[in-house]
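Student: This is the structure, below, for whatever I ask next.
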Amino acid sequence: MNAKLEELTKKIYSEGVAKAEEEASRIISEARKEADLLLKKSKQDGEAIVEQARSEAEELRRNVESEIKLSTRQSVNTLKQDITNLIVNTISKEETSSLMSNREFIESIVLKAVEGFARNNFTNPDLELVLPEKEKEKLEAYFKGRMKTLLDEGITITMSDDIQSGFEIGPKDHSYKISFTDDTFEAFFKNYLRSRSIKLLYGE
């Protein structure tokens, strides 16, 4: 009886130990797997953080380089524009002043303008030539002497304080006018010289 009881006790003990060892082994195995997963995830997270940091650093570098290039281009373009403006403004003012004081040049432009109006079915009696009021005595006498034929045909000469030099011409009904004043000539020369100056200075 005692022998059977002892045998049964040993059997129960052995089975209990075996189950405990099996459970312990399972727990240890799962713990190792979980630890491996955590380690792998930590490594992946670390690599992702490093990669993101690298990507952000590269983007920042590109942005800084782009800003530097843009700033440099803007500075160079501003310098080019300043140099061009200096040259153009100086030349255009000198050229405009010279041309506007040349009565023969003004006369030739007036004649061309009258011819242009004639081609568009405007007769001389329909036209009005407006000259600077401050130059009235000189210009009126000059044009009346040099352009007698046109005046005899009916073209009208008037004076205006709004014009400092040059002239305006157009229909007497003032429906429109063509301006050949110092301001319009200066604007023309600036536009022409600016493109020419840029090409000569910078090859653009």
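The sequence shown runs 152 to 355 under my numbering.
Virtual Cβ for every residue (Gly too), placed ideally from N, Cα, C.
#1: In whole angstroms, what is the alpha-carbon distance linking Asp333 and Ser316?
#2: Work out the CA separation of Ala182 and Glu174 for me, nearest whole Å.
#3: Can you tell me whether Gly296 is buried or exposed, with buried defined as 16 or more other CB within 10 angstroms of its CB?
#4: From the DSSP output, in three-state form, read off Ile314 for me.
#5: If you reduce the DSSP assignment to three classes, tell me which class Ser415 lands in.
#6: Taking its Cβ as the centre, do 16 or more other Cβ atoms sit within 10 Å of Leu290, making it buried, or is it exposed?
#7: Between the Cα of Phe318 and the Cα atoms of Ile257, Tyr327 and Asn253, which residue gives the shortest distance?
#8: Using the Cα positions of Ile238 and Lys285, report the straight-line distance between them to the nearest angstrom.
#9: Rounded to whole angstroms, what's the CA-CA distance from Val265 to Glu288? Just pull it up for me.
#10: Can you tell me whether DSSP reads Ile306 as helix, strand or coil?
#11: Could you check which residue in Glu209, Ile178, Tyr327 and Lys194 has the C-alpha nearest to that of Asp277?
#12: Can you have a look at Leu211 and say buried or exposed, based on whether 16 or more other CB atoms are within 10 angstroms of its CB?
#13: For Thr307, I'd like the list of residues in its chain whose CB is within less than 6 Å of its CB, leaving aside the five on either flank, ordered along the chain.
#14: For Pro283, count neighbouring C-beta atoms within 10 Å of its own C-beta (all shown protein chains included) and say buried if the count is 16 or more, exposed if not.
#15: Could you compute how far the alpha carbon of Thr335 sits from the alpha carbon of Ile219?
#16: Are there 16 or more other CB atoms within 10 angstroms of the CB of Gly267, so buried, or fewer, so exposed?
Tutor: Looking at the atomic coordinates:
#1: 6 Å
#2: 12 Å
#3: Exposed is the call here.
#4: coil
#5: A question about residue 415 goes unanswered here, because the residues of the chain that appear run from 152 up to 355.
#6: buried
#7: Ile257
#8: Because the pLDDT of Ile238 is 49, which lies under 50, any placement of that residue in the model is unreliable, and the number read from its coordinates should be weighed accordingly. When rounded, the distance between both Cα atoms is 30 Å.
#9: If I take the Cα positions, the gap works out to 22 Å.
#10: coil
#11: Out of Glu209, Ile178, Tyr327 and Lys194, the CA that lies nearest to the CA of Asp277 is found in Tyr327.
#12: exposed
#13: Around Thr307: Glu279.
#14: The residue is buried, with at least 16 neighbouring Cβ atoms inside 10 Å.
#15: Near 40 Å, if we compare the C-alpha coordinates of Ile219 and Thr335.
#16: Gly267 comes out exposed.
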